[in-house]
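Protein chains in written order, with the numbering used here: chain W, 1135 to 1247; chain P, 5 to 194. Ideal Cβ placement from N, Cα and C applies to all residues, glycine included. Since we're looking at a predicted model, the values are computed, not measured. First the structure, in the form of structure tokens, and then the observations on it.
Structural data, given as structure tokens:
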């Protein structure tokens, strides 16, 4: 279901990157949801190693691939695996972090250099 | 703990000494050079206390590990994004590049820095050194190698997960005992 944008998560606007903080509007989203801007969340998951490079056409729909990515993210980050964007998951996503991918077989593209 | 593909590590004749240096052109003003060097010295010492690897500051051009603070697109294909978001990144062995986002409110003393977005430099330095040595991200929240760090949070003590991971790459420092680590973890938990 589509949730209102006024939903509050544990984090605060002052303490998180503006782009990632927008992800708080996806709180409680689950497979089948369509929320404007969800493609940015997919890009986040792609960047940190949860969506494959072949999933290049990132839409605003919470599809099966995104659910799989969320589950993998929750597992790798020690969260409760629900496949849904619950409060703990969103709080972890918007938190500041290291830029190295969580699925980083070669580190930061070292082969390019 | 996790590794990069192929478990790359620094291969050197024993005793292993890795050199590091700060970029003369890519530093920050909000902390003094002494404060930055002190923090990094402490971070390197945490790792060298558990593995038979020591770290020594040297000239930038010849250093194994090159440390710098950069803004936005800085040429490695992984642009920084301003305050918070991505805090830093480092490359796997034996690349040695170690980059921090210059836009962050880097702090060495939260009593002095009251900003809500202050980030502890030693915590991030300790984490990125783990990558430089060959560790990937851990799923253990308390581990130094867990990927995220909240503002105003300090996490510098290596946990068992971090230690086991890095010792599988380099072996154990002969002076290290897991008993001392367990003791510090227990006192931390209590």
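Where residue 92 (chain P) meets chain W, residues with beta-carbon distance less than 8 Å: 1232, 1233
Selection from P:147, P:151, P:154 that minimises the alpha carbon distance to residue 185 (chain P): P:147
Where residue 15 (chain P) falls, given that 16 or more other Cβ within 10 Å makes a residue buried: exposed
Residue 123 (chain P) at chain W interface by Cβ criterion, 8 Å: Yes, contact with chain W.
Continuous beta strand (DSSP E) assignments of at least 3 residues falling wholly in the segment 69-115 of chain P: Qualifying beta strand (DSSP E) stretches, in chain order: 69-74, 90-94, 101-105, 109-111.
Test item: CB-CB of residue 1155 (chain W) and residue 1234 (chain W) under 8 Å: no
Run of the beta strand (DSSP E) containing residue 57 (chain P), from where it starts to where it stops: 57-61
Per DSSP, the bridge partner or partners of residue 1260 (chain W): The shown model of chain W, from 1135 to 1247, leaves out residue 1260 (chain W), and the question about it has no answer.
Neighbour list for residue 145 (chain P) in chain W, Cβ cutoff strictly below 7 Å: 1212
Unbroken beta strand (DSSP E) run spanning residue 160 (chain P), endpoints: Note, residue 160 (chain P): premise wrong, no beta strand (DSSP E); not H, not E.
Among W:1212, W:1180, W:1202, W:1193, the one whose alpha carbon lies nearest that of residue 1237 (chain W): A check of alpha carbon separations from residue 1237 (chain W) across W:1212, W:1180, W:1202, W:1193 identifies W:1180 as the nearest.
Length of the line joining the Cα atoms of residue 88 (chain P) and residue 1231 (chain W): 8 Å
Sequence-distant residues of the same chain with beta carbon closer than 7 Å to residue 102 (chain P), five excluded per side: 69, 70, 71, 94, 132, 136
Exposed unless 16 or more other CB atoms sit within 10 angstroms - verdict on residue 1223 (chain W): buried
Any C-beta of chain P under 8 Å from that of residue 1229 (chain W): So yes, residue 1229 (chain W) belongs to the interface.
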